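Residue numbers (this note's numbering): 957 to 1613. Even glycine gets a Cβ: it sits at the ideal position worked out from N, Cα and C. Remember, predicted model here, so these are calculated numbers, not experimental data. See structure below.
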């Protein structure tokens, strides 16, 4: 009998060791996944960081974290035994195999948050964060939930009935909260790219993680028995349905073909969620939890993007929100007889409490940790180092240096060409205005004078005909139809001449606006708004928050033309009742090619019908306006929504030239 028991224990130990090796293989999956998401100039950095954090975690968790997490409890709050590995093998038949297995869980948690901060975080401070997380943050919370797994003892969250079978909260939500705190402390990347480095590598990483998760969940039962098959099946079902849920959410959110990332997020999110519950569920329940979790993960990814949280590998939506979803859904789908409380609602409230405690401890400690690191040694690389890439900055990779120098040379050449094009465009604009001025002068001196003379002659002819008609009437001749016909035609000719003169004046004003020439840009814009108000079609106002700088003639003319075109579009197409021009200085904005310059902005707002800017149905007017402003080194943007009006933003650098 004793031999049979020992044989079963040996099988259990072997199963745990095999599963621990599965979980170890997750590190390869994380490297592939993260390398697939970062820019090529940072792939070496990401790979080496993962190796270093695994080293740090192995030492830190083994020496400090494991005793705190699984040692003899002090009032259910913290462990305090097994220091220096003393007494481990005697305390439990699982012995060192259990230490090895739990070490892989700690390494997973640390790798998750380190990956999210990729491409802008210094190497050494990240390792400091890794050792604190592995030796303190992760094991203390782990003791509250799992402290009774190795020694038969009660710890405070477990005694309340909190359930986390394989680490949805202990591992993944903890790592997610640490990642969120780190991202808030380190900030966004300067130029985050939408394109990825190597998507096939990322897909390979997902498959490796999927495979390794069978050990993650399968080993957490700490025995090899008839429940293993159910656990593995539930794990696989949740991953597949998680992918489906994310795709459904992507379709509902209309994310414009961004389903690629949804596939990855949903699969991993489903795996994270089922980690809480794979032992407690029937297969159909696992499918539903995976589906709902996949949808939650994809939605959270969308919301985090909107909030400006720059997660390089999607760790927060996958691990934080996936873990939260699995933890909170568990009470409603697990078998009633397996509840750790009296009913489902009580179980849900306990699960909610466990997550709240996790937030306060993991996020609170991590945020304090990252802020202290940032204040003392600095958490983030410089802008120049980020631009070069961490392959060069942290590891002096020669190949990356060569690529960086090659790309830098291309960028300099492109910038030089752009500057030349900008100068040529500016010269073209000056030439265009000079030609318009010459044309205006020729029209004024030639056609304008001729029309004025014609009007004078026709006026004199009209008076002569009228005088002759009166003389004939005095003589009793009132039936001269020919004379009356000539008089009527003369009157029509006078009216047409006056209309032609008016049209010529309008053309002259468009070619060289008189108010602009006499009173500058402010005067020209004032006259423009008055002209629109005189039409009675809509109300137009001008607000000058700060005095308009003295721009040179080319800049002034182009700003005037752009605003003139914008107002023309409002009058013709917007169906607006009111339009407003707001002029004022904007701070904190950098224009292309004009770094460090003060920016002066013009906003043109209307309350018209608006339009969908992304549809590309803007005709030639808007691109022409944008080209004019870019020629000046400025920014041109349109913000519009159908039915809610339009805002056109013109930002121009103020130079000393």
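Look at the alpha carbon of residue 1357 and the alpha carbon of residue 1581, and state the distance between them as a whole number of angstroms. Its pLDDT being 49, under 50, residue 1357 is placed unreliably in this model, and the coordinates cannot settle the point.
From what residue to what residue does the beta strand (DSSP E) around residue 1049 run? Run containing residue 1049: none; DSSP gives neither H nor E here.
According to DSSP, simplified to helix, strand and coil, what is residue 1119? coil
Does the separation of the CB atoms of residue 1585 and residue 1594 fall below 9 Å? no
Let's see if you can read the secondary structure: which residues bound the beta strand (DSSP E) around residue 1592? Looking at the DSSP string, the run of the beta strand (DSSP E) that includes residue 1592 is 1591 to 1596.
Whole-number beta carbon distance between residue 1566 and residue 1598, since they are thought to touch under 8 Å: 5 Å
Does the contact criterion of 3 or more C-beta pairs under 8 Å hold for the region 1176 to 1187 versus the region 1295 to 1304? no
Ordered along the chain, which non-local residues of its own chain (more than five positions away) have a Cβ less than 8 Å from that of residue 1043? 1037.
For the region 1132 to 1141 and the region 1257 to 1275, state whether three or more C-beta atom pairs, one from each stretch, are separated by less than 8 Å. Output reads yes: the region 1257 to 1275 touches the region 1132 to 1141.
According to DSSP, simplified to helix, strand and coil, what is residue 1141? helix
For residue 1296, which of helix, strand or coil comes out of DSSP? coil
Grouping DSSP H, G and I as helix and E and B as strand, with all else coil, what is residue 1562? strand
Does the pairing of the region 981 to 992 with the region 1330 to 1343 give three or more beta-carbon distances under 8 Å? no
Please state whether the Cβ-Cβ distance between residue 1321 and residue 1068 is less than 9 Å. no
Taking just the CA atoms, how far does residue 1185 sit from residue 1239? Spanning the two alpha carbons is a distance of roughly 11 Å.
Measuring CB to CB, does residue 1198 end up less than 9 Å from residue 1224? Against a cut-off of 9 Å, the Cβ pair of residue 1224 and residue 1198 comes out as a contact.
Proximity below 9 Å, CB of residue 1125 to CB of residue 1279: It is a contact, given that the beta carbons lie within the stated cut-off.
Residue 1503 to residue 1139 span [Cα, whole Å]: 40 Å
The ligand GDP heavy atoms versus the CB of residue 1091: any closer than 8 Å? Inclusion of the ligand GDP in the displayed structure is not the case, the ligand content being empty and no account of it being possible.
Alpha carbon of residue 1608 to alpha carbon of residue 1499, nearest angstrom: Taking the straight line from one Cα to the other gives about 17 Å.
Residue 1589 classed as buried or exposed, judged by whether at least 16 other C-beta atoms fall within 10 angstroms: buried
Tell me the DSSP secondary structure of residue 1520 in three-state form. In the three-state reduction of the DSSP assignment, residue 1520 falls in the helix class.
Between 1532, 973 and 1477, which has its C-alpha nearest residue 1511's C-alpha? 1477
Pick from 991, 1233 and 1532: whose alpha carbon is nearest that of residue 1157? 991
So residue 1083 packs on residue 1012, CB below 8 Å; how close in whole Å? 5 Å
Inter-residue CB distance, residue 1527 and residue 1561 (contact presumed, cutoff 8 Å): So it is not a contact: roughly 14 Å between Cβ atoms.
Comparing alpha-carbon positions, which option in 1345, 1102 and 1190 lies nearest residue 1166? 1190
Would you report the Cα separation of residue 1244 and residue 1233, rounded to the nearest angstrom? 12 Å
Can you pull the DSSP bridge partners for residue 1609? 1555
Is there contact here, the region 1016 to 1033 with the region 1097 to 1116, by at least three beta-carbon pairs under 8 Å? yes
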